[in-house]
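Participant:
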Amino acid sequence: MRLYLDTALDAVAAGARNRMAHFSPAGGVILSIAFDGLEVHSSLGPLADDDLRLLAEGPSRRELQLLPEHADRFRLLCADEPLRERTALFYALSGRPTFAMPPAVRRLGPEDAPAIAAFMTAHYDDTVFSGWMLAAPFFAAFENGEIAATAGTVLLHAPSGRANLGNLLTRPDLRGKGHARRAFEGLLSHLGDTGYTALSLITTEENLAVRSLAESCGFRILEKRVQIDLGS
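For the sequence shown, the residue numbers in the UniProt record's numbering are 1 to 232.
(1) Please check the pair T194 and G95, which I expect to be a contact at CB under 8 Å, by giving their CB distance rounded to whole angstroms.
(2) Check each candidate in T87, A13, L77, S60 and name the one with the smallest Cα separation from L67.
(3) F158 to I33, Cα distance in whole Å?
(4) Below 8 Å between beta carbons: does that hold for A187 and L165?
(5) DSSP state of A149, grouped into three classes?
(6) Could you check whether L222 and F139 sit closer than 8 Å to each other, using their CB atoms as the reference points?
(7) Can you tell me whether DSSP reads A8 as helix, strand or coil?
(8) List the endpoints of the continuous beta strand (DSSP E) containing T170.
(9) Which term fits P25, buried or exposed, when burial requires 16 or more other beta carbons within 10 angstroms of its beta carbon?
(10) Determine, using beta carbons only, whether R211 comes closer than 8 Å to chain B.
(11) Are there 16 or more other CB atoms within 10 angstroms of the CB of N144, so buried, or fewer, so exposed?
(12) Between A13, A100, L47, which lies nearest to S29 when the distance is taken from Cα to Cα?
(13) At the level of alpha carbons, what is the spacing between L55 and M120?
(14) By the three-class DSSP mapping on this structure, what secondary structure does L93 have?
(15) Using DSSP with H/G/I as helix, E/B as strand and the rest coil, what is M120?
(16) In angstroms with no decimal places, state the Cα-to-Cα distance between R175 and D49.
(17) Please state the DSSP three-state secondary structure of E57.
(18) Could you tell me if P137 is buried or exposed, where buried requires 16 or more neighbouring beta carbons within 10 angstroms of its beta carbon?
(19) Nearest to V128 by alpha carbon, out of L168, P103, V210, L44?
(20) To which residues of the same chain is R182 closer than 6 Å at the C-beta, ignoring the five residues directly before and after it?
(21) Please report how far the alpha carbon of A122 lies from the alpha carbon of R171, in whole angstroms.
(22) Which residue wins for smallest C-alpha separation from G192, given the options C217, T98, R17?
(23) Going by DSSP, which residues form a beta bridge with S200?
(24) Contact defined as beta carbons within less than 8 Å: I believe residue 233 pairs with L38. What is the distance between those atoms, to the nearest angstrom?
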């Protein structure tokens, strides 16, 4: 949550309009980030019912990452709404990652936006992604010149050496060939070489492929939360 807040302050100072913080009179906070077509909201500390009601409002698709006690109260407040729930696992890796850069892997940049947008649209239309993420380290593994798998950075705070990773995705017809591992190790290699020492990622309990990859690279579960998906 400190990473969420630090990167939000940096983004606002740079003129970004996609970061939000709701501070509750009860003492807690809801930190939010807007991607293309999706808002992600995370809760921390004491919240009143009025704070939780805010999470149910709005036309956009929303992903709520709630502490269990907040989720229990949110269910009661939204008893008439169908809620899709999953268990979100927050993974962390402490210490500088030491991976070699694999072959056929490179960092993507803003000039690759059309290619990565086509990849997402074709295979992962509901994933968290926005074009501005390509300004941060975002890697892809290739096969025959085409993107086979990706591994990106969702949040990045250089002064503290912390980063949150995501978009660990493989083209469905190329699964099982090691492409995701190459993309992920390429990202970890770059972050290690540039001084990042506290990495995290979030996935859902049923995403066994990402969990297995993260754990094999040294990530361990730090926290479990309730993920509630709202909106069309």
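We treat Cβ as the ideally placed atom computed from N, Cα and C, and that holds for glycine.
Keep in mind the model is a prediction, meaning the values are calculated, not measured.
Facilitator: Taking the coordinates as given:
(1) At roughly 15 Å, the Cβ-Cβ gap does not stay under 8 Å, so T194 and G95 are not in contact.
(2) T87
(3) According to the sequence shown, residue 158 is Ala rather than Phe. Near 19 Å, if we compare the C-alpha coordinates of I33 and A158.
(4) One detail in the question is off: residue 187 reads as Leu in this sequence, not Ala. In this structure, L165 lies closer than 8 Å to L187 by Cβ.
(5) strand
(6) no
(7) helix
(8) 162-170
(9) exposed
(10) No chain B is present in this structure, which holds just one protein chain.
(11) exposed
(12) Checking the sequence, you will find Val at residue 29 rather than Ser. Ranking A13, A100, L47 by Cα distance to V29 puts L47 first.
(13) 27 Å
(14) strand
(15) helix
(16) 44 Å
(17) coil
(18) buried
(19) L168
(20) P102, V105, A141
(21) 9 Å
(22) T98
(23) A92, N164
(24) Limits of the chain in this structure are 1 at one end and 232 at the other, which puts residue 233 out of reach.
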